[in-house]
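Protein chains in written order, with the numbering used here: chain A, 1 to 234; chain B, 1 to 437; chain C, 1 to 336.
Glycine residues also receive a C-beta, built at the ideal position from the N, C-alpha and C atoms.
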Amino acid sequence: MSFLIGENMTGGYGSVDILHSCTVGVERGEIAVVVGPNGAGKSTAMKAMFGMLALRGGRVIMKGEDITALKPQERVLRGMGFVPQTQNVFPSMTVEENLEMGAFIRRDDVAETMGQVFDLFPILKDKRHQPAGELSGGQRQQVAVGRALMTRPDVLMLDEPTAGVSPIVMDELFDRIIEIARTGIAILMVEQNAKQALAIADKGYVLVQGENRYTDTGEALLENPDVRRAFLGG
Amino acid sequence: MMEQYRTPLMFAMMAALLAIVGIFQSWNVALTIVNLCLISSIMTLGVNIQWGYAGLVNFGMMGFTALGGLAAVLIAMPPVPEAWAAGGSGVMAGLVIIIATAIVSLLIWKQLKGRGAKRYWLTALSIVIGVVIMRLVADPSIAAIESVESARTGYLGGFGLPVTLSWIAGGFVAAGAAFVIGRISLGLRSDYLAIATLGISEIVIYVLKNEDWLARGVKNINGLPRPVPYEIELQASQWVVQLADMLGASVVDVSTITVKLSYAGLFTIVLLIFLWLSEVALRSPWGRMMRAIRDNEVAANAMGKHVTARHLQVFILGSAMVGVAGAMLTTLDGQFTPASYQPLRFTFLIWVMVIVGGSGNNFGSVLGGFIVWFFWIESEPLGLWFISTITAGLADGSALKTQLVENAAHMRLMTMGIILLVMLRFAPQGLLPEQKR
Amino acid sequence: MDILNALTVIGNFVLIPGLAYGSQLALGALGVTLVYSVLRFSNFAHGEMMSFGAMLSVLVTFWLQSAGIGLGLLPPALIALPVSILGTILLCLLIDRLVYRYYRQTRAPNVTYLIVSIGVMFTIGGLVRFIIGPSDRIFTDGSRFIIKARSFKEMTGLNEGLAIKMTQGVTLATAIVIVIAVFWFLNKTRTGKSMRAYSDNEDLALLSGINPERVVMITWVIAAALAAIAGTLYGLDKSFKPFTFLQLLLPIFAAAIVGGVGSPVGAIAGGFVIAFSELFITFAYKKVLTYLLPESLAPESLMQLLSTEYKIALSFIILVIVLLIRPTGLFSGKTL
């Protein structure tokens with residue numbers, strides 16, 4: 001039984017279905033990556049699991065509980081964390097305030113968690129009093145991830161976290177993600193940079209036109225000649 | 001089936017209401033209301049063209065109305081030769097300097113694009129220098145003009161041309177102002193455009209109130225020439241006396257009603273012309289394009305429709321109509337009172353007319369103009385009657401009763417507000433909705 | 001060279017009135033800017049909200065006066081203030097519930113809110129005039145001056161006098177207290193930060209579990225309180241007349257826009273920029289120059305940049321210039 005799984009998801013934003021019986025799942029402490037060509041429905045699948053669009057078919061189960069009917073805020077309370085691709089920080093608020101807002105639903109003392117986030121992202125500690133909007137792209141992504149971590153989620157979902165950042169920043173970000181997974185949090189990630197993402201993935205899902213095309217470990221997918229030819233440039 | 005009859009039905013009901021006023025209060029009152037309704041309808045038409053066709057929020061109608069009134073003054077009043085002799089050249093020179101300053105400053109602004117702080121400072125400097133020079137040149141002339149018989153004139157006077165010409169002139173003056181205002185502010189987003197136009201119109205009124213040499217400022221201009229006969233003349237004429245005898249009414253009454261009817265006739269002609277033009281424009285390809293831009297500006301832009309230019313056209317046309325109405329209003333009043341141009345009465349009330357009547361529908365604008373103005377005026381007596389009735393139970397001397405009765409007249413502001421809110425919530429398209437094509 | 005006298009003239013006719021007027025504008029602009037940043041529309045009814053608050057203060061003050069209750073040297077309107085604030089808050093919450101909430105639920109475009117706020121403006125304006133009538137009311141009481149011009153002259157031996165009216169002092173003191181309170185709330189409390197978050201990025205705020213209706217309610221509470229205070233202070237300083245509050249709307253919008261809409265710091269700065277611009281540019285520098293320059297150069301005319309009649313028009317001119325040149329304002333508020 002998967003920790004978090006979206007089973008046979010079918011649905012879309014309007015009357016047209018984008019997902020066709022698509023299944024994506026992740027275990028505790030595991031990194032699952034969803035890749036595929038543009039328009040394959042990767043982000044849509046993740047948003048469906050977060051509850052940002054209604055499914056016409058299939059369901060989402062977390063920790064054995066059917067959460068298909070829950071609103072996103074309710075899923076956050078259940079232990080889901082979501083990092084949107086864009087507009088994922090509060091630009092006029094400081095780094096520290098962003099983290100505070102991330103922990104908004106918590107009523108207990110968040111100092112310890114904030115300390116952990118600063119350990120994970122040391123640069124943020126230096127810039128804790130700077131407005132998030134003034135940071136570089138990569139640092140802003142760190143704030144976005146840190147913000148989501150403040151609720152101490154059981155599963156962290158990231159929508160194209162390395163979109164538009166330099167290769168060095170991407171490497172660093174992936175290193176951090178591995179560290180987060182090591183603490184036992186399940187990581188589900190949609191990525192455009194398929195090669196590098198699959199390199200750190202325990203499980204990989206290749207989606208094409210809203211359907212599962214290939215599902216295997218990250219390593220196996222990297223070796224798979226079909227996958228390499230189609231998505232990894234040979 | 002019902003839809004077709006809606007428009008005529010609404011207008012019929014309006015006519016009935018006016019008739020009731022005529023019968024129960026007096027025909028004079030009814031006709032006064034009608035004349036102002038006609039003028040308001042033209043203003044509403046003008047605003048509707050901007051809002052209903054193009055989605056522009058213009059809160060500056062007050063300024064355009066005043067400019068129309070100014071045109072009425074400048075065209076129709078006789079010139080004051082002494083004033084011209086005393087300072088005409090100085091004022092002309094001042095105007096030339098101001099225009100030159102504007103052009104120079106604009107050039108500096110454009111040339112120094114991207115040069116940061118230097119741009120602001122140099123432009124500001126050129127403006128300040130221009131203003132100082134102008135004041136040095138024009139101030140003595142202005143003082144001279146204003147001291148020429150300041151009790152009676154104290155200004156330059158007009159051109160002494162026929163009054164109906166001033167209505168057309170009002171349109172042109174307003175159009176010219178709209179061109180300048182539109183060029184500089186149409187790029188702004190909707191609420192900023194609203195605030196900017198409101199601010200600019202306040203500035204216009206301020207200039208009119210204070211530049212006595214132009215139109216006597218707050219000293220007002222009375223005795224404007226008019227296109228219809230004077231009541232006194234009528235009272236002396238044969239046919240009026242005979243008519244009064246026949247109807248069993250007073251000669252004074254017949255004369256005043258004739259005057260009002262004549263105005264009403266003239267105004268109706270103007271209204272019908274504008275209505276016809278607006279309808280033609282609405283159904284034309286130009287009208288369709290305007291609505292397409294309104295509904296999806298981004299797409300229209302992408303398709304190469306020059307959105308800002310279109311907006312400017314609409315802005316000018318609508319404002320010109322308001323200008324004509326302003327000239328007509330001043331002629332009707334017989335006087336030009338800058339202090340009477342209040343944003344509440346001229347800007348926001350017109351907007352209530354647009355919304356209640358039906359935005360995007362020309363007949364709706366006319367209806368809205370009639371209905372809202374009618375209730376604005378009638379709510380005073382109506383409110384009074386209403387309050388008197390419900391306080392009939394209270395003792396005559398009670399403070400509450402006197403307070404309520406005194407302020408009953410102010411209920412109209414509140415009623416207008418509630419009507420607007422109710423319309424926006426439950427019938428946002430108005431009484432006569434925009435017709436889908 | 002008589003610097004002290006020159007400074008006194010400037011102090012008396014520019015600085016002190018400027019501080020008072022600037023405070024009133026700043027409080028008004030702060031309310032407008034908060035509503036704009038959270039509810040995302042320009043609230044044309046804000047002037048009438050101020051009028052309503054002032055009206056309540058006037059009524060309670062009159063009652064206090066008739067009951068013989070005073071506050072010594074200070075104006076008794078200060079006692080009335082809490083009642084006025086409470087009343088205005090209730091009014092705004094009621095209006096939000098009856099009017100604005102519907103448009104939030106139907107996701108109406110900005111322009112709709114603008115026109116709706118006109119309707120609200122009419123309604124509240126009519127209500128105020130209906131309850132208290134349109135005429136002038138003076139409701140200040142207690143001592144009139146903190147320092148009289150004559151006493152100042154006696155104390156310093158200078159030619160020129162400096163007067164500080166009680167209402168001016170009260171205005172400035174109240175404004176400082178309120179502004180500090182608002183900034184503390186926005187920057188140090190959880191609720192205040194949630195408001196800023198909501199204004200910054202609505203979707204992310206919702207995701208973080210911030211309750212939108214609660215944020216809206218708190219915004220109205222603060223805006224209403226600010227309006228009531230600003231209205232009362234303005235009415236104390238000048239006099240209460242329902243009509244003036246419609247006129248105040250444009251200078252207040254000017255202040256908010258000049259400072260940068262959506263930025264509370266900007267609203268405060270904008271208020272003072274507008275107030276001091278009005279005063280400095282229409283001030284007659286003749287006296288000051290007479291004190292500063294040698295006799296032979298003393299000016300004949302009033303030496304005004306713009307005549308006094310243009311005082312209020314000036315805030316409109318500044319507003320229009322800012323809108324055209326730098327709509328984000330001094331402190332880079334939100335634009336599109």
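At least three beta-carbon pairs within less than 8 Å, the region 115-123 of chain C to the region 225-238 of chain C: no
Residues from the region 23-55 of chain C in contact with chain B, defined by Cβ distance under 8 Å: Phe41 and Ser42
Which word fits tryptophan 213 of chain B, buried or exposed, when buried means at least 16 other C-beta atoms lie within 10 angstroms of its C-beta? The residue you call residue 213 of chain B lines up with position 213 of the second sequence. Buried, by the Cβ-count rule.
In the region 190-206 of chain B, which residues sit with their C-beta less than 7 Å from some C-beta in chain C, listed in chain order? Ser190, Asp191, Tyr192, Ala194, Ile195, Ala196, Leu198, Gly199, Ile200, Glu202, Ile203 and Tyr206
Step through the CB atoms of chain B and report whether any lies within less than 7 Å of the CB of phenylalanine 122 of chain C. By 1-based counting over the third sequence, the position of residue 122 of chain C is 122. Taking Cβ atoms only, chain B reaches closer than 7 Å to phenylalanine 122 of chain C, which makes this a yes.
Roughly how many angstroms separate the alpha carbons of leucine 93 of chain C and methionine 49 of chain C, rounded to a whole number? By 1-based counting over the third sequence, the position of residue 93 of chain C is 93. By 1-based counting over the third sequence, the position of residue 49 of chain C is 49. A direct Cα-Cα distance of roughly 12 Å separates leucine 93 of chain C from methionine 49 of chain C.
Using a Cβ-Cβ distance under 7 Å, would isoleucine 418 of chain B count as near chain C? Here residue 418 of chain B refers to the residue found at position 418 when the second sequence is read from its first residue. Closer than 7 Å to some Cβ of chain C, the Cβ of isoleucine 418 of chain B qualifies, so yes.
Buried or exposed by the 16-neighbour rule on C-beta atoms within 10 Å, applied to asparagine 48 of chain B: Counting from one through the second sequence, the residue named residue 48 of chain B turns up at place 48. Looking at its Cβ environment, which holds 16 or more other Cβ atoms inside 10 Å, asparagine 48 of chain B is buried.
Is glutamine 87 of chain A close to chain C? Criterion is C-beta to C-beta, closer than 7 Å. By one-based count along the first sequence, residue 87 of chain A stands at place 87. Yes, its Cβ sits closer than 7 Å to a Cβ of chain C.
How long is the line joining the alpha carbons of tryptophan 286 of chain B and threonine 308 of chain B, rounded to whole angstroms? As a working mapping, residue 286 of chain B is identified with position 286 in the second sequence. As a working mapping, residue 308 of chain B is identified with position 308 in the second sequence. Roughly 14 Å separates the two Cα atoms.
Which complete alpha helix (DSSP H) runs does the region 189-239 of chain C hold, if anything under 4 residues is left out? 190-200, 202-207 and 212-237
Between the alpha carbons of aspartate 203 of chain C and serine 43 of chain A, how many angstroms are there, rounded? On the third sequence, position 203 is the one that residue 203 of chain C refers to. On the first sequence, position 43 is the one that residue 43 of chain A refers to. The alpha-carbon atoms of aspartate 203 of chain C and serine 43 of chain A are separated by roughly 17 Å.
Does isoleucine 446 of chain B get closer than 7 Å to chain C when you measure Cβ to Cβ? Because chain B spans 1 through 437 in this model, residue 446 of chain B falls outside it and cannot be assessed.
CB tyrosine 205 of chain A to CB valine 24 of chain A, shorter than 7 Å? Sequence index remark: in the first sequence, residue 205 of chain A carries index 205 (1-based). Sequence index remark: in the first sequence, residue 24 of chain A carries index 24 (1-based). For tyrosine 205 of chain A and valine 24 of chain A, yes; Cβs fall inside 7 Å.
Looking at the unbroken beta strand (DSSP E) that takes in serine 21 of chain A, where does it start and where does it end? As a working mapping, residue 21 of chain A is identified with position 21 in the first sequence. Run containing serine 21 of chain A: 19-26, per the beta strand (DSSP E) assignment.
Kindly list the residues whose CB is nearer than 7 Å to the CB of isoleucine 221 of chain B, restricted to its own chain and excluding five residues on each side of it in sequence; keep chain order. As a first step, residue 221 of chain B is located in the second sequence; it is residue number 221 there, counting from the start. The residues are Val73, Met77, Ala215, Gln335 and Phe336.
Does the Cβ of threonine 86 of chain A have 16 or more other Cβ atoms within 10 Å, making it buried, or fewer, making it exposed? As a working mapping, residue 86 of chain A is identified with position 86 in the first sequence. Taking every protein chain shown into account, the CB of threonine 86 of chain A has fewer than 16 other CB atoms within 10 angstroms, so this residue is exposed.
Taking its Cβ as the centre, do 16 or more other Cβ atoms sit within 10 Å of valine 9 of chain C, making it buried, or is it exposed? Within the third sequence, numbered from 1, the residue matching residue 9 of chain C stands at position 9. By the 10 Å Cβ count, valine 9 of chain C comes out buried.
Does DSSP put alanine 286 of chain A in a helix, in a strand, or in coil? Here chain A has residues from 1 to 234 only, and residue 286 of chain A is not among them.
Option in A:Gly12, A:Ile18, A:Glu30 and A:His20 with minimal Cα separation from leucine 4 of chain A: Taking the first sequence and counting its residues from 1, one reaches residue 4 of chain A at position 4. Answer by Cα proximity: A:Glu30.
Assign aspartate 200 of chain C to one of two classes, buried (16 or more other C-beta atoms within 10 Å of its C-beta) or exposed (fewer than that). In the third sequence, the residue the question calls residue 200 of chain C occupies position 200. Aspartate 200 of chain C comes out buried.
So who's on the other strand from isoleucine 5 of chain A, going by DSSP bridges? Numbered from 1 along the first sequence, position 5 holds the residue referred to as residue 5 of chain A. According to DSSP, isoleucine 5 of chain A bridges with A:Gly25 and A:Ile61.
Can you pull the chain A residues whose beta carbon is under 9 Å from the beta carbon of leucine 319 of chain C, in chain order? Working through the third sequence from its first residue, we reach residue 319 of chain C at position 319. Under the 9 Å cutoff, chain A gives no residues; its nearest Cβ is about 24 Å from leucine 319 of chain C.
Could you give the first and the last residue of the continuous alpha helix (DSSP H) run that contains alanine 169 of chain B? On the second sequence, position 169 is the one that residue 169 of chain B refers to. 163-185 is the extent of the alpha helix (DSSP H) around alanine 169 of chain B.
Within-7 Å CB hit, alanine 313 of chain C to chain B: Working through the third sequence from its first residue, we reach residue 313 of chain C at position 313. Yes, contact with chain B.
Please compile the residues from chain B whose C-beta is within a distance smaller than 9 Å of the C-beta of glycine 126 of chain C. Reading the third sequence from its first residue, position 126 is the one you call residue 126 of chain C. Here the neighbours are His410, Met411, Arg412, Leu413, Met414, Thr415, Met416, Gly417 and Ile418.
Check whether chain C comes within 7 Å of phenylalanine 348 of chain B, counting only Cβ atoms and requiring the distance to be less than that. By one-based count along the second sequence, residue 348 of chain B stands at place 348. It does; some Cβ of chain C falls within 7 Å.
Less than 6 Å between C-beta atoms, sequence neighbours within five positions excluded: which residues of the same chain meet that for valine 258 of chain C? Counting from 1 along the third sequence, the entry for residue 258 of chain C is found at position 258. Take valine 258 of chain C, set aside five residues on each side of it, and the residues of its chain with a beta-carbon closer than 6 Å to its own are Gly270, Val273, Val322 and Gly329, in chain order.
Span separating the alpha-carbon of leucine 336 of chain C from that of serine 42 of chain C: Residue numbering aside, residue 336 of chain C sits at position 336 when the third sequence is read from its first letter. Residue numbering aside, residue 42 of chain C sits at position 42 when the third sequence is read from its first letter. Confidence is the limiting factor: at leucine 336 of chain C the pLDDT is only 33, short of 50, which leaves the residue's position unreliable, though a coordinate-based value still follows. Near 13 Å, if we compare the C-alpha coordinates of serine 42 of chain C and leucine 336 of chain C.
Can a CB atom of chain C be found closer than 7 Å to the CB of methionine 1 of chain B? As a first step, residue 1 of chain B is located in the second sequence; it is residue number 1 there, counting from the start. Annotation note: pLDDT 48 at methionine 1 of chain B (below 50); position unreliable, coordinate value reported separately. Methionine 1 of chain B does not count as touching chain C.
Complete runs of the alpha helix (DSSP H) confined to the region 74-159 of chain A [at least 4 residues]: Here the runs fully enclosed are 95-102, 111-120, 122-126 and 137-149.
So, are the CB atoms of proline 338 of chain B and leucine 208 of chain B less than 7 Å apart? As a position in the second sequence, residue 338 of chain B is number 338, starting the count at 1. As a position in the second sequence, residue 208 of chain B is number 208, starting the count at 1. Yes, Cβ-Cβ distance for proline 338 of chain B and leucine 208 of chain B is below 7 Å.
Specify, as a first and last residue, the run of the beta strand (DSSP E) that tyrosine 341 of chain B falls within. To locate residue 341 of chain B, count along the second sequence from 1; it is residue 341. Element bounds for tyrosine 341 of chain B: n/a, residue is neither H nor E.
In the structure shown, what three-state DSSP assignment does valine 251 of chain B receive? Within the second sequence, residue 251 of chain B is the residue found at index 251, counting from 1. Three-state result, valine 251 of chain B: helix.
So what does DSSP say about glutamate 160 of chain C, is it helix, strand or coil? Along the third sequence, one-based indexing puts residue 160 of chain C at 160. If DSSP states are grouped into helix, strand and coil, glutamate 160 of chain C belongs with coil.
Indicate whether arginine 78 of chain A and glutamate 7 of chain A have their beta-carbon atoms separated by less than 7 Å. On the first sequence, residue 78 of chain A is found 78 positions in, with the first residue counted as 1. On the first sequence, residue 7 of chain A is found 7 positions in, with the first residue counted as 1. Going by C-beta atoms, arginine 78 of chain A is not nearer than 7 Å to glutamate 7 of chain A.
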